[in-house]
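K.L.:
Before anything else, here's the structure in question.
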Amino acid sequence: QKIFVGDQVLRIATKDVEQITLLKDLEELEHLELDFWKGPTHPDFPTDVHVPFASLQAVKVFLESNNIQYSIMIENLQSIVEEEKIQISRSRS
Amino acid sequence: TEQMRNTNSFNYASYHTLDEIYSWMDMLVSEQSNLVSKIHIGSTFENRPIYILKFSTGGTKRPAIWIDTGIHSREWVTQASGIWMAKKIATDYGKDAFITSILNEMDIFIEIVTNPDGFYFTHTKNRMWRKTRSTNSGSSCVGVDPNRNWDAGFGGAGASSNPCSETYRGPRANSESEVKSIVDFVKSHGNFKAFISIHSYSQMLLYPYGYTKTPAADQQELDNLAKKAIDALSTLYGTSYRYGSIINTIYQASGGTIDWTYNQGIKYSYTFELRDTGRYGFILPANQIIPTAQETWLAIKTIMEHTYNNPY
Numbered sequence: 001q002k003i004f005v006g007d008q009v010l011r012i013a014t015k016d017v018e019q020i021t022l023l024k025d026l027e028e029l030e031h032l033e034l035d036f037w038k039g040p041t042h043p044d045f046p047t048d049v050h051v052p053f054a055s056l057q058a059v060k061v062f063l064e065s066n067n068i069q070y071s072i073m074i075e076n077l078q079s080i081v082e083e084e085k086i087q088i089s090r091s092r093s
Numbered sequence: 001t002e003q004m005r006n007t008n009s010f011n012y013a014s015y016h017t018l019d020e021i022y023s024w025m026d027m028l029v030s031e032q033s034n035l036v037s038k039i040h041i042g043s044t045f046e047n048r049p050i051y052i053l054k055f056s057t058g059g060t061k062r063p064a065i066w067i068d069t070g071i072h073s074r075e076w077v078t079q080a081s082g083i084w085m086a087k088k089i090a091t092d093y094g095k096d097a098f099i100t101s102i103l104n105e106m107d108i109f110i111e112i113v114t115n116p117d118g119f120y121f122t123h124t125k126n127r128m129w130r131k132t133r134s135t136n137s138g139s140s141c142v143g144v145d146p147n148r149n150w151d152a153g154f155g156g157a158g159a160s161s162n163p164c165s166e167t168y169r170g171p172r173a174n175s176e177s178e179v180k181s182i183v184d185f186v187k188s189h190g191n192f193k194a195f196i197s198i199h200s201y202s203q204m205l206l207y208p209y210g211y212t213k214t215p216a217a218d219q220q221e222l223d224n225l226a227k228k229a230i231d232a233l234s235t236l237y238g239t240s241y242r243y244g245s246i247i248n249t250i251y252q253a254s255g256g257t258i259d260w261t262y263n264q265g266i267k268y269s270y271t272f273e274l275r276d277t278g279r280y281g282f283i284l285p286a287n288q289i290i291p292t293a294q295e296t297w298l299a300i301k302t303i304m305e306h307t308y309n310n311p312y
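Okay, structure coming up:
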């Protein structure tokens, strides 16, 4: 079973079209194995990206060095998935 | 699996496995066989059956409304909302004047699990799986994005040719049996008047096109109706939606579902992106299922009502 221990989902707030373009460039970097839950579209709307633990440092450095604001939407994806499993089991019992 | 005596004892505020959903469908059909039937429209890559529920009071190939949920398997709130809405239709028929009058003249089809292989995979192997489970020759990566696999601008910008991408379009249009099954059914039926495809999450109601900037011929009417629908949706919990054409509201996306349905002549073609709490993304807590389904239902009813009142 695929596990997501340490994976985070970042909510990224862009301030202009240039930053959107930078996020689109980031999307192209396949080795980071990013999964854009909400793609970069417009500075008015946030971008959400699932970042595997192994790529976290690289992505955060990229964002910070380009002055792109972000917050951590999900701190540890695996713990949310586990919580969901527990809820499903509870509702069954 | 959950023990179910009847569809009233089913827990609509919880997420369920594929087996549980398929059992629930059988239960609904057996309880209201005068109104609901199950149609097997095809099989998946891994040979699971693809079912739709038909709500009909009689007649042959009446004007019809299509609703599908869960073409992206990880968007669990959509399948859960589909179950709630199907139950709502079955319960309201004969009690609610609007649903009764619609069903006396039109049929409603609901496909609750549009991507069964992917959905099974999200429950067993990878909660974050989005695509189908077909294999790709020459690549170790699995699956095709079924919302890039339709014959509408297929292969254009806004879809990937890389099998490892989440938006991989597939080797050719309709390569995915999950898509082809719907295409064949919609074509053979020939009388769909509205087609609503439901996704999550980002709170949007969108209409064609996604593959081209050329406005849909009915853009003004679609836009007005979208506004009316999201106004109705927001009356329940104040949830705010954006609306517009796919390409202008989000980004260019080729090979999408409702671009194909619109090009087939189904004027009222819409796609929803359901609730976003801003905290959970695709892992929306189960306590959000019913509020999400309730508010979405108000928008869907608005689209159905307009379709009913504006025959074409």
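Protein chains in written order, with the numbering used here: chain A, 1 to 93; chain B, 1 to 312.
Don't be surprised by glycine CBs; every beta carbon is placed ideally from N, CA and C.
What you are looking at is a predicted structure, and each value in this text was computed from that prediction instead of being measured.
Per DSSP, what are the beta-bridge partners of PRO49 (chain B) in this structure?
P.N.:
Answer by DSSP bridge pairing, in chain order: B:SER43.
K.L.:
To test your reading of the DSSP string, which unbroken alpha helix (DSSP H) runs of 4 or more residues are found completely within the segment 31-85 of chain A?
P.N.:
Here the runs fully enclosed are 56-65.
K.L.:
Excluding sequence positions up to five away, which residues of its chain have a Cβ less than 6 Å from the Cβ of PHE10 (chain B)?
P.N.:
Hits under 6 Å: MET4, TRP24.
K.L.:
Measuring alpha carbon to alpha carbon, tell me which of A:VAL51, A:GLU30, A:LEU26, A:GLN87 ends up nearest ILE72 (chain A).
P.N.:
Among A:VAL51, A:GLU30, A:LEU26, A:GLN87, the Cα nearest to that of ILE72 (chain A) is on A:VAL51.
K.L.:
Can you give the Cα-Cα distance for ASN149 (chain B) and ALA86 (chain B), rounded to whole angstroms?
P.N.:
The straight-line gap from Cα to Cα measures roughly 26 Å.
K.L.:
For LYS54 (chain B), which residues in chain A fall below 8 Å Cβ to Cβ?
P.N.:
Within 8 Å Cβ-Cβ: nothing; LYS54 (chain B) doesn't reach chain A, min ~29 Å.
K.L.:
Excluding five sequence neighbours on each side, which residues of the same chain lie with their C-beta closer than 7 Å to the C-beta of ALA157 (chain B)?
P.N.:
Only GLN252, SER254 meet the Cβ criterion.
K.L.:
Using beta-carbon positions only, say whether ASP259 (chain B) and GLY210 (chain B) come within less than 9 Å of one another.
P.N.:
Closer than 9 Å, so yes.
K.L.:
Shorter than 9 Å from the beta carbon of GLY281 (chain B) to some beta carbon of chain A?
P.N.:
Answer yes: the Cβ-Cβ gap between GLY281 (chain B) and chain A drops below 9 Å somewhere.
K.L.:
Using the rule of at least 16 other Cβ atoms within 10 Å of the residue's Cβ for burial, across every protein chain shown, is VAL17 (chain A) buried or exposed?
P.N.:
Its Cβ having fewer than 16 others within 10 Å, VAL17 (chain A) is exposed.
K.L.:
Suppose you measure from the CA of ALA159 (chain B) to the CA of GLY170 (chain B); what does that come to, to the nearest Å?
P.N.:
Going by the C-alpha atoms only, they are around 9 Å apart.
K.L.:
Shorter than 9 Å from the beta carbon of GLU166 (chain B) to some beta carbon of chain A?
P.N.:
Judged by the 9 Å Cβ criterion, GLU166 (chain B) is in contact with chain A.
K.L.:
Using only CA atoms, which one of B:GLN79, B:GLU178, B:ARG242 lies nearest to ILE290 (chain B)?
P.N.:
The residue with the shortest Cα to Cα distance from ILE290 (chain B) is B:GLN79.
K.L.:
Go through its chain and collect everything with a Cβ distance to TRP76 (chain B)'s Cβ below 6 Å, but skip five positions before and after it.
P.N.:
Closer than 6 Å at Cβ, skipping near neighbours: TYR15.
K.L.:
Following the continuous alpha helix (DSSP H) through VAL9 (chain A), name the residue where it begins and the one where it ends.
P.N.:
Element bounds for VAL9 (chain A): not the alpha helix (DSSP H) but the beta strand (DSSP E), 8-13.
K.L.:
Would you identify the three-state DSSP class for HIS306 (chain B), choosing helix, strand or coil?
P.N.:
In this structure, HIS306 (chain B) counts as helix in the three-state DSSP scheme.
K.L.:
Helix or strand or just coil, what does DSSP make of SER140 (chain B)?
P.N.:
If DSSP states are grouped into helix, strand and coil, SER140 (chain B) belongs with coil.
K.L.:
Residues of chain B with CB under 8 Å from GLU84 (chain A), in chain order?
P.N.:
The contacting residues are TYR15, ARG127, ILE283, PRO285, ALA286.
K.L.:
Per DSSP, what kind of secondary structure is TYR242 (chain B) in: helix, strand or coil?
P.N.:
It should be noted that the sequence gives Arg, not Tyr, for residue 242 (chain B). Reduced to three states, the DSSP call for ARG242 (chain B) is strand.
K.L.:
Could you compute how far the alpha carbon of VAL29 (chain B) sits from the alpha carbon of SER56 (chain B)?
P.N.:
Distance between the alpha carbons of VAL29 (chain B) and SER56 (chain B): 12 Å.
K.L.:
The segment 49-78 of chain A: which residues have C-beta closer than 9 Å to a C-beta of chain B, in chain order?
P.N.:
Cβ contacts with chain B come from HIS50, MET73, ILE74, LEU77.
K.L.:
In the DSSP assignment, what residue or residues form a beta bridge with THR135 (chain B)?
P.N.:
The partner list for THR135 (chain B) (beta bridge, DSSP) reads B:VAL142.
K.L.:
Quick check: the Cα distance between GLY6 (chain A) and PHE53 (chain A), rounded to an integer number of angstroms?
P.N.:
The straight-line gap from Cα to Cα measures roughly 5 Å.
K.L.:
Which word fits PHE98 (chain B), buried or exposed, when buried means at least 16 other C-beta atoms lie within 10 angstroms of its C-beta?
P.N.:
Counting Cβ neighbours within 10 Å, PHE98 (chain B) comes out exposed, since fewer than 16 surround it.
K.L.:
Candidates B:THR271, B:ASN309, B:LYS228, B:THR7: which alpha carbon is nearest LYS341 (chain B)'s?
P.N.:
What the structure shows of chain B is the stretch from 1 to 312, and residue 341 (chain B) is not part of that stretch, so it cannot be assessed.
K.L.:
Candidates B:ALA194, B:ILE250, B:HIS199, B:THR214: which alpha carbon is nearest LEU225 (chain B)'s?
P.N.:
Among B:ALA194, B:ILE250, B:HIS199, B:THR214, the Cα nearest to that of LEU225 (chain B) belongs to B:ALA194.
K.L.:
Within the 9 Å Cβ cut-off, does ASN162 (chain B) reach chain A?
P.N.:
So, interface residue.
K.L.:
Have a look at ARG130 (chain B) and ASN310 (chain B) and give me their C-alpha separation to the nearest angstrom.
P.N.:
Cα-Cα distance, rounded: 36 Å.
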